[in-house]
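Take a look at the structure below.
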Amino acid sequence: MAGVLLRSRTGKSRGPHGSSPTVARIPTVVPSSFSCSAPIRTSQGVKNHPCFWNTGGVTENERPAAAPDVARAAEFWAAYAAANPEAVRTAPEYTVEHFGDSARLADELLREVTHGAKRATAELAEQFALDGDSLPRIGSHWIACDSTGTPRVILRSIELRLGTFDTVDDAFAWDEGEDDRTLASWKREHARYWTRTCAARGAEWSENDEIMFERFRVVWPPELAD
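Going by the UniProt record's numbering, the first residue of the sequence shown is number 1, and it counts up by one from there.
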């Protein structure tokens with residue numbers, strides 16, 4: 001039986017756009033040894049992925065997204081597994097998540113995946129440890145839910161890289177598929193988000209903090225698959 005982890009996510013990307021800046025790129029790709037295999041927590045965690053338009057973060061009046069419907073997610077996964085046994089054999093674990101840290105963002109960012117070009121996300125590496133999670137690995141799956149907790153798509157990690165804030169480039173910002181998809185807006189909104197979320201837990205965000213940059217593809221349902 002696959003391990004299941006509940007949490008919430010932020011954003012992803014695809015394809016170059018414009019010229020790339022001169023940055024200290026870190027070409028590290030996280031090896032498959034960084035596994036998130038069972039045993040995996042089944043308690044409701046919170047992992048807020050930062051890419052979310054020009055909102056500056058959620059406000060006190062924002063409604064939180066509902067907890068993922070685990071039973072429906074299991075049925076969703078079973079249908080995928082029946083159609084893709086080899087993919088499930090090599091990566092049997094999956095997470096059940098929603099984007100962002102509010103109901104509004106969960107739906108807005110999910111729509112950017114299902115109807116837009118969002119194929120990447122970024123998260124502070126420290127956040128995985130704080131949530132008690134292992135780092136993701138290439139090939140791992142996650143089920144993205146809408147604001148009601150209903151599973152909508154299954155995503156699969158295809159590229160992972162650890163780096164700092166200054167190593168993000170135009171291509172990754174474009175692949176995140178949000179706002180105007182420029183590097184400038186990516187840096188502005190992510191800096192705003194991480195500053196806010198770190199402050200909420202009594203920490204201070206730094207551009208030197210390690211970030212997990214991830215690209216993914218949509219693998220289920222068939223009508224939305226890449």
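Don't be surprised by glycine CBs; every beta carbon is placed ideally from N, CA and C.
Keep in mind it's a predicted model, so treat the numbers as computed, not measured.
Identity of the residue in the options nearest residue i by Cα
| i | options | result |
| --- | --- | --- |
| V153 | Q127, E62, L160 and A79 | A79 |
| R111 | A129, E210 and S147 | S147 |
| R119 | V219, E176 and S134 | E176 |
| T121 | D209, W186 and G202 | W186 |
| A225 | G202, H190, A184 and H115 | H115 |
Beta-carbon proximity check, residue i vs residue j, cutoff 8 Å
| i | j | result |
| --- | --- | --- |
| I143 | P151 | yes |
| F216 | L155 | yes |
| V113 | V218 | yes |
| L162 | M212 | yes |
| E214 | E178 | no |
Simplified DSSP state of residue i, which is helix, strand or coil
| i | result |
| --- | --- |
| H115 | coil |
| A122 | strand |
| A199 | helix |
| P68 | coil |
| R188 | helix |
| F52 | Model confidence at F52 stands at a pLDDT of 37, short of 50, so the residue's coordinates are unreliable; what they give is reported in the following sentence. Coil, per DSSP. |
| A103 | helix |
| V168 | coil |
| W205 | coil |
| P151 | strand |
| E159 | strand |
| E214 | strand |
Close beta carbons around residue i, own chain, < 6 Å, minus the five adjacent residues each side
| i | result |
| --- | --- |
| H98 | S8, A65, A106 and C145 |
| R63 | A103 |
Contact set for residue i: own chain, Cβ-Cβ below 7 Å, skip 5 residues either direction
| i | result |
| --- | --- |
| A81 | V88 |
| E204 | C198 |
**OP:** Taking 8 Å as the threshold, find out whether the region 95-107 comes into contact with the region 164-174 through three or more Cβ pairs.
**Re:** no
Original post:
Okay, do the region 83-95 and the region 107-120 touch, 3+ Cβ pairs below 8 Å being the bar?
Top reply: no
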